[in-house]
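The numbering of the sequence shown is our numbering, which starts it at 257 and goes up by one.
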Amino acid sequence: MSATSLPARLGEIGEKVENKQRLSFEDGMTLFESDDLLAVGELANQVRERINGDLTYYNVNRHLNYTNVCISDCAFCGFYRRVRHPEAYEWSVEESVEIARKAYQEGARELHIVGGLHPRLQFDYYSSLLSELKRNFPDMHLKAFTMVELDHLTRVCRMTDEQVIDGLIAAGLDSCPGGGAEIFRDPTRSRICAHKTSGERWLELTAKVHRRGVHTNATMLYGHVESYEDRVDHLVKLRALQDETGGFMCFIPLAFHPKGTELSHLPGPSGIDSLKTIAVSRLMLDNIAHIKAYWVMLGKNLSQVALRFGADDLDGTINEGGSLMESYLAEGNENQLTKAGIEEMVRGAGRVPVERDTLYNPIHTIESSSNPQEPKLTLPVLN
Ligand code: V47
Numbered sequence: 257m258s259a260t261s262l263p264a265r266l267g268e269i270g271e272k273v274e275n276k277q278r279l280s281f282e283d284g285m286t287l288f289e290s291d292d293l294l295a296v297g298e299l300a301n302q303v304r305e306r307i308n309g310d311l312t313y314y315n316v317n318r319h320l321n322y323t324n325v326c327i328s329d330c331a332f333c334g335f336y337r338r339v340r341h342p343e344a345y346e347w348s349v350e351e352s353v354e355i356a357r358k359a360y361q362e363g364a365r366e367l368h369i370v371g372g373l374h375p376r377l378q379f380d381y382y383s384s385l386l387s388e389l390k391r392n393f394p395d396m397h398l399k400a401f402t403m404v405e406l407d408h409l410t411r412v413c414r415m416t417d418e419q420v421i422d423g424l425i426a427a428g429l430d431s432c433p434g435g436g437a438e439i440f441r442d443p444t445r446s447r448i449c450a451h452k453t454s455g456e457r458w459l460e461l462t463a464k465v466h467r468r469g470v471h472t473n474a475t476m477l478y479g480h481v482e483s484y485e486d487r488v489d490h491l492v493k494l495r496a497l498q499d500e501t502g503g504f505m506c507f508i509p510l511a512f513h514p515k516g517t518e519l520s521h522l523p524g525p526s527g528i529d530s531l532k533t534i535a536v537s538r539l540m541l542d543n544i545a546h547i548k549a550y551w552v553m554l555g556k557n558l559s560q561v562a563l564r565f566g567a568d569d570l571d572g573t574i575n576e577g578g579s580l581m582e583s584y585l586a587e588g589n590e591n592q593l594t595k596a597g598i599e600e601m602v603r604g605a606g607r608v609p610v611e612r613d614t615l616y617n618p619i620h621t622i623e624s625s626s627n628p629q630e631p632k633l634t635l636p637v638l639n
């Protein structure tokens, strides 16, 4: 679609997109407020194809949720349990290693390790978890602990940020997942997660992790009580940090699932809202290479469509490894896909599947197609 065929404000944004100019906060608001989903999606698709062509990434991974015990009481979370709750669990390091062994034997080369904010576990639990996993599976990438968990560790273990970050790196940390970002801005953050690490602190710790040479992801939880201003503010803050550090690998908008949470009276985001959020994220985050449509939350069908609305990544094959995922699984969705299943989704969207490692290096030679492509963006090495 040419920029001139769009309504005036979208047309101006379209021209900026064509000229590779950065979009402003107001542009972000206009995009969210627009009823023209297809026009917004078309602009996002232009950027998606400019950065990633037809390539669509996935990896073979496994989620490992070492505990559901959490002191944070987030209103949006259906996963956490209080320490004495009959369903509370915490895995020993040995139990986690055995779960990882099965995943490794099944081909997983990334473990996505997150858990609740446990009031008692000490630093040696977290460091032993990483070092034992690394010792047993040296070529398994350990994507572990959100900034909220790191912040929690500094407080529970009375350690500095640097001690926590460097200690985990020494134990085998390879990268960090993007959870815990939710919505940065108050008062919304306080309404959904009053006791959690603040947005400013999440960003501060992320910058420190990046400066230690470790890449991370970023998320945004949408479709609850937040406003469009909150969403644009969130995206602009991530973009500013990425300008400074270059450490984000990908951005993942997370669709809120109300069932089983304190916010169960809310409807959650519509399919239209999810596609628009993915599209606006692609357009605003001009310096983050990848936008993930997390099929577990979005559902397989909508994720497939999202590959035409700005997304270029589907996360991974995933496999149950704790119950966090169960708490936000899309209606009717299973928690695992085979490689063949993911590739079929990607081809069905007219895209080219690429199995990747966590750092977006292709694992297999990209299949020859009528339009052979190579990735246009690789992640910077962080200093
Ligand atoms: O921080 C919790 C969200 C996040 C609900 O980095 C919910 O590659 C929807 O961050 N409805 C954890 N969302 C998951 C996460 C993630 C997932 C996939 C890939 C990556 C990555 C990161 O899940 C939490 C929170 O924002 N969440 N409860 C819920 N009811």
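Glycine included, C-beta positions come from ideal geometry on N, C-alpha and C.
key: Continuous beta strand (DSSP E) assignments of at least 3 residues falling wholly in the segment 315-351   = 317-320
query = In this structure, does DSSP put Glu268 in helix, strand or coil?
reply = helix
ask   = Secondary structure at Leu429, three-state DSSP: helix, strand or coil?
value = coil
inquiry  = In the DSSP assignment, the beta strand (DSSP E) including Pro444 goes from what residue to what residue?
reply    = The question names Pro, but residue 444 in the sequence shown is Thr. Element bounds for Thr444: not the beta strand (DSSP E) but the alpha helix (DSSP H), 444-449.
query = So who's on the other strand from Phe507, going by DSSP bridges?
reply = Ala474, Ile547
query = Looking only at its own chain, which residues have a Cβ that is under 7 angstroms from the Cβ of Val325, when we skip the five neighbours before and after it?
reply = Arg337, Val339, Ala344, Glu346, Gly372, His374
query = Among Asp571, Ile327, Arg564, His620, which one has its Cα closest to the Cα of Ala605?
reply = Arg564
key: First and last residue of the uninterrupted alpha helix (DSSP H) at Gly572   = No alpha helix (DSSP H) contains Gly572, which is instead part of the beta strand (DSSP E) from 569-572.
inquiry  = So, with DSSP's three-state summary, where would you put Tyr616?
reply    = coil
inquiry  = Which residue wins for smallest C-alpha separation from Lys556, given the options Arg538, Thr594, Arg357?
reply    = Thr594
query = Rounded to a whole number of angstroms, what is the C-alpha to C-alpha distance between Ile448 and His368?
reply = 24 angstroms
key: Residues near Ala331 in its chain [Cβ-Cβ closer than 6 angstroms; skip 5 each side]   = Ile448, Glu518, Leu519
task = Give the DSSP bridge partners of Lys493, in chain order.
result = Lys493 pairs with nothing; no bridge assigned.
inquiry  = According to DSSP, His368 sits in a beta bridge with which residue or residues?
reply    = His319, Lys399
Three-state secondary structure assigned by DSSP to Thr312 = strand
Sub-8 angstroms separation of Val273 and Val296 beta-carbons = no
Rounded straight-line distance, which links the Cα of Leu386 to that of Glu351 = 13 angstroms
request  = Compute every distance between the C-beta of Glu438 and the non-hydrogen atoms of the ligand V47, then say whether any falls below 7 angstroms.
outcome  = yes
query = DSSP on Val610, reduced to helix/strand/coil?
reply = strand
task = Quick one: measure Cβ to Cβ for Gly284 and Leu491, integer angstroms, because I've assumed they're closer than 8 angstroms.
result = 6 angstroms
ask   = With respect to 7 angstroms, is the separation between the Cβ of Phe512 and the closest non-hydrogen atom of the ligand V47 below this value?
value = yes
inquiry  = Closest to Leu406 by C-alpha separation, out of Tyr382, His397, Gly502, would be which residue?
reply    = Tyr382
key: the segment 450-460 contacting the segment 507-518, beta-carbon criterion three pairs below 8 angstroms   = no
Where the alpha helix (DSSP H) containing Leu539 begins and where it ends = 527-540
request  = Might you give, ordered along the chain, the residues of its own chain that have their beta carbon closer than 7 angstroms to the beta carbon of Phe393, omitting 5 neighbours on each side?
outcome  = Ala356, Tyr360
request  = Grab the span of the alpha helix (DSSP H) containing Phe288 for me, first residue to last.
outcome  = 281-289
message = In whole angstroms, give me the CA-to-CA distance for Gly469 and Ala300.
response = 30 angstroms
query = If you measure from the beta carbon of Leu510 to each beta carbon in chain B, is any gap under 8 angstroms?
reply = This model lacks chain B altogether; it includes just one protein chain.
message = Under 7 angstroms: does the beta carbon of Asp648 sit that close to some heavy atom of the ligand V47?
response = Missing from the structure shown is residue 648; the chain here goes from 257 to 639 and no further.
Between the CA atoms of Ala264 and Val370 - distance to the nearest angstrom = 45 angstroms
key: Cα-Cα separation, Thr260 to Leu294   = For Thr260, the predicted structure reports a pLDDT of 48, less than 50, and the residue's modelled location is therefore unreliable. The matter cannot be settled from this model.
ask   = When every heavy atom of the ligand V47 is checked, does at least one fall within less than 7 angstroms of the C-beta of Gly270?
value = no
key: Spatial distance of Ile421 from His513 (CA atoms)   = 31 angstroms
ask   = Sorry if obvious, but does the Cβ on Met553 come closer than 7 angstroms to a heavy atom of the ligand V47?
value = yes
task = Buried or exposed for Ser559, please, with buried defined as at least 16 other CB atoms from any protein chain shown within 10 angstroms of its CB.
result = buried
message = Using the Cβ count rule (16 or more neighbours within 10 Å means buried), how would you classify Asp572?
response = Before going on, a small fix: residue 572 reads as Gly here, not Asp. Per the 10 Å Cβ criterion, buried.
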